[in-house]
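Trainee: The structure's right below; bear with me while I get my questions together.
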Amino acid sequence: MKKIITTVVGIGFLVGAASADVASDQKAFIDHFKSIQPNVEFADYTNGVYAYDAGSRDQFEEILDGIPPYEDAVEKGGLEFVKFGFNKCDALKDPAAARVKHPYFDEATQKVVTLEGVMKACYLKQTGKKLGSKKGKIARMSAWISDQAAGEKVNVKVDTAGAQAAYDEGKAFFYGKRGQFNMSCADCHVYYAGKKARADILSPALGHTTHVPMYRAKWGGMGTLQRRYGGCLKNMRAKPISAQSETMNNLEYFHQAMSNDLEITADRYRK
Amino acid sequence: MKKLLLTTLTVLSMSAYAVPSCHNWNDGSSDPFAAAISAAEAGYAANLKVNMAWRDTGKMIKEAKKLSATPCSDAALALANKAHTQTVNATTQTSVISSSPGPRF
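Chains as they are written, first to last, in the numbering used here: chain A, 1 to 271; chain B, 1 to 105.
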């Protein structure tokens, strides 16, 4: 009996420590952004780089006031959601809940499950075909799913030892320097957020995941968060890692957790 | 037996011409290109395994192999060495990451 109590208390302590770790990580993360941009409210980080630069924000708002270039794609994504039978898959029956729930750590497989990962599995089940991970159908449908959760808050839970390990791996990736330029994700999007890289302003990592999948003018279309990871890695002259691989999913898990409590938005235009 | 010997010798002499390297095999040294490219390939494979490979290393290895088809190509050796250096630097990055994960603030 004594052993059981000790074990249960031990596990409880570990889980508690894990959750506290994420909360303290996020606090330090937010405090850093407060220190570099004291006038930007936490809630405004849902607008990404547009929270930092007035000129860019004016352009952004003008685009939103007109016909945003992603509108047709998102609408099409909604039709495709039904066409490909996503509403018949348990994990996606309630799209808004699905967006808020993912990514999460699955204890059975000991892996992070992303929204796009579930969509790929559902598509395979319904059509017998494989679905891509970066653009096209998956981005359109995922954007439509995210639209259903607009206004809700990012809420990534890291509450077990396995989840903590995945989170830590994602964190190590985020802060680790890689590629020929020897730069980490954090170098641009944490330490130099708001500064210029050539003509562009570097976006803050806080809030990055609130508006994905996004329409990027550079792409001329929609793309998932992991498509962007691939592009960033290429820019750093590192070899991109396959989208929806365990490494990329762990990175997404950490990245999303840092935006906990920020609102999910349907304004998904980026330069 | 005579025929077999003749065929073997012919094949061997022909394959000697097929080796593009102008390396002098008689001085007891190894082919610098072969050594550089195999080191680059081994390093690249190790970097890929831990998701730390650099973007252009694979292309460099391919290009170096292509260039090595030209006899006495200095460019092939230079590129193979460059690719190898990239893999060494990527390996250093890997060890730095594992020793210091986490933010600077």
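Where is the CB? At the ideal position from N, CA and C, for every residue including glycine. Since we're looking at a predicted model, the values are computed, not measured.
If you measure beta-carbon to beta-carbon, which residues of the region 81–105 of chain B are closer than 9 angstroms to chain A?
Mentor: Answer in chain order: Gln86, Asn89, Ala90, Gln93, Thr94, Val96, Ile97, Ser98, Ser100, Pro101, Gly102, Pro103, Arg104, Phe105.
Trainee: Going by Cα to Cα distance, which pick from A/Ala163, A/Asp44, A/Ile145 is closest to A/Phe105?
Mentor: If you number the first sequence from 1, residue 105 of chain A lands on position 105. The option with the nearest alpha carbon to A/Phe105 is A/Ala163.
Trainee: So with Cβ pairs under 8 angstroms, would you call A/Ala54 a contact of chain B?
Mentor: To locate residue 54 of chain A, count along the first sequence from 1; it is residue 54. No, A/Ala54 lies away from the interface with chain B (no Cβ there is under 8 angstroms from its Cβ).
Trainee: For B/Leu67, which residues from the same chain have a beta carbon less than 6 angstroms from its beta carbon, with the 5 sequence-adjacent residues on both sides left out?
Mentor: Reading the second sequence from its first residue, position 67 is the one you call residue 67 of chain B. Same-chain partners within the cutoff: Ser73, Ala75, Ala76.
Trainee: Taking Cβ positions, are B/Arg104 and A/Tyr229 nearer each other than 8 angstroms?
Mentor: Stepping through the second sequence from its first residue, residue 104 of chain B is reached at position 104. Stepping through the first sequence from its first residue, residue 229 of chain A is reached at position 229. Not in contact: B/Arg104 and A/Tyr229 (Cβ atoms no closer than 8 angstroms).
Trainee: Going along chain A, which residues have a C-beta under 8 angstroms from B/Met52?
Mentor: On the second sequence, residue 52 of chain B is found 52 positions in, with the first residue counted as 1. Those within 8 angstroms of B/Met52 in chain A are Arg178, Ala238.
Trainee: Since A/Thr209 contacts A/Ser142 with CB under 8 angstroms, what's their CB separation in whole angstroms?
Mentor: Your numbering for residue 209 of chain A matches position 209 in the first sequence. Your numbering for residue 142 of chain A matches position 142 in the first sequence. That pair is no contact at about 12 angstroms.
Trainee: Quick one: using the 10 Å Cβ neighbour count with 16 as the cut-off for buried, is A/Arg198 buried or exposed?
Mentor: Counting from 1 along the first sequence, the entry for residue 198 of chain A is found at position 198. Classification for A/Arg198: exposed.
Trainee: Measuring only between beta-carbons, confirm whether B/Asp31 sits less than 8 angstroms from chain A.
Mentor: To locate residue 31 of chain B, count along the second sequence from 1; it is residue 31. No, B/Asp31 lies away from the interface with chain A (no Cβ there is under 8 angstroms from its Cβ).
Trainee: Can you pull the chain A residues whose beta carbon is under 8 angstroms from the beta carbon of B/Asp27, in chain order?
Mentor: Locating residue 27 of chain B in the second sequence gives position 27, counting from the first residue. The contacting residues do not exist; B/Asp27 stays about 36 angstroms from chain A at best.
Trainee: Quick one: does B/Asp74 have its CB under 8 angstroms from some CB of chain A?
Mentor: Along the second sequence, one-based indexing puts residue 74 of chain B at 74. Cβ-Cβ to chain A under 8 angstroms: no for B/Asp74.
Trainee: Does A/His32 come within less than 8 angstroms of chain B when only Cβ atoms are used?
Mentor: For the purposes of this step, residue 32 of chain A is taken as residue 32 along the first sequence, with counting starting at 1. It does: the Cβ of A/His32 has a partner Cβ on chain B nearer than 8 angstroms.
Trainee: Since B/Ala90 and B/Ala35 are thought to touch, with beta carbons under 8 angstroms apart, how far apart are those beta carbons, to the nearest angstrom?
Mentor: For the purposes of this step, residue 90 of chain B is taken as residue 90 along the second sequence, with counting starting at 1. For the purposes of this step, residue 35 of chain B is taken as residue 35 along the second sequence, with counting starting at 1. 19 angstroms between Cβ atoms; not a contact.
Trainee: Where in the region 180–239 of chain A do unbroken runs of the beta strand (DSSP E), each at least 3 residues long, occur, reported from the N-terminal end onward?
Mentor: Complete beta strand (DSSP E) runs here, min 3: 214–216, 221–223.
Trainee: Using only alpha-carbon positions, find the residue among A/Lys271, A/Glu41, A/Arg216 that is nearest to A/Lys135.
Mentor: The residue given as residue 135 of chain A occupies position 135 in the first sequence. The candidate whose alpha carbon is nearest that of A/Lys135 is A/Arg216.
Trainee: Taking a cut of 9 angstroms between CB atoms, which residues from the region 180–199 of chain A lie near chain B?
Mentor: From the region 180–199 of chain A, only Gln180, Asn182, Ser184, Ala186, Val190, Tyr191 have a Cβ closer than 9 angstroms to chain B.
Trainee: What do you get for A/Glu107, buried or exposed, if any count of 16 or more other CB atoms within 10 angstroms of its CB means buried?
Mentor: Position 107 of the first sequence, counted from the first residue, corresponds to residue 107 of chain A. Exposed, since its Cβ has fewer than 16 Cβ neighbours within 10 Å.
Trainee: Do A/Met119 and A/Leu92 come within 8 angstroms of each other at the CB atom, strictly closer than that value?
Mentor: Taking the first residue of the first sequence as 1, we reach residue 92 of chain A at position 92. Taking the first residue of the first sequence as 1, we reach residue 119 of chain A at position 119. Closer than 8 angstroms, so yes.
Trainee: Under DSSP, the beta strand (DSSP E) around A/Val156 begins and ends at which residues?
Mentor: Numbered from its first residue, the first sequence carries residue 156 of chain A at position 156. Where A/Val156 is concerned, there is no enclosing beta strand (DSSP E), given that its DSSP letter is neither H nor E.
Trainee: Would you list the residues sitting across from A/Phe105 in a DSSP beta bridge?
Mentor: Here residue 105 of chain A corresponds to residue number 105 of the first sequence, with the count starting at 1. Partner(s): A/Val112.
Trainee: Can you give me the start and stop residues for the alpha helix (DSSP H) that A/Lys137 sits inside?
Mentor: As a working mapping, residue 137 of chain A is identified with position 137 in the first sequence. A/Lys137 -> alpha helix (DSSP H) spans 137–148.
Trainee: In this structure, how does DSSP classify A/Tyr269 when only helix, strand and coil are distinguished?
Mentor: Locating residue 269 of chain A in the first sequence gives position 269, where the first residue counts as 1. DSSP places A/Tyr269 in strand when its eight states are reduced to three.
Trainee: Give me whichever residues DSSP pairs with A/Glu263 in a beta bridge.
Mentor: As a first step, residue 263 of chain A must be located in the first sequence, where it is residue number 263. Beta-bridge pairing links A/Glu263 to A/Lys153.
Trainee: Quick check: the Cα distance between A/Ala121 and A/Asn39, rounded to an integer number of angstroms?
Mentor: By 1-based counting over the first sequence, the position of residue 121 of chain A is 121. By 1-based counting over the first sequence, the position of residue 39 of chain A is 39. Approximately 43 angstroms, taken between the alpha carbons.
Trainee: Is the beta carbon of A/Val156 less than 8 angstroms from the beta carbon of A/Tyr45?
Mentor: Translated into the one-based positions of the first sequence, residue 156 of chain A becomes position 156. Translated into the one-based positions of the first sequence, residue 45 of chain A becomes position 45. Going by C-beta atoms, A/Val156 is not nearer than 8 angstroms to A/Tyr45.
Trainee: Should the region 107–117 of chain A be called in touch with the region 242–249 of chain A, which here means at least 3 C-beta pairs below 8 angstroms?
Mentor: Contact holds: three or more Cβ-Cβ distances are below 8 angstroms.
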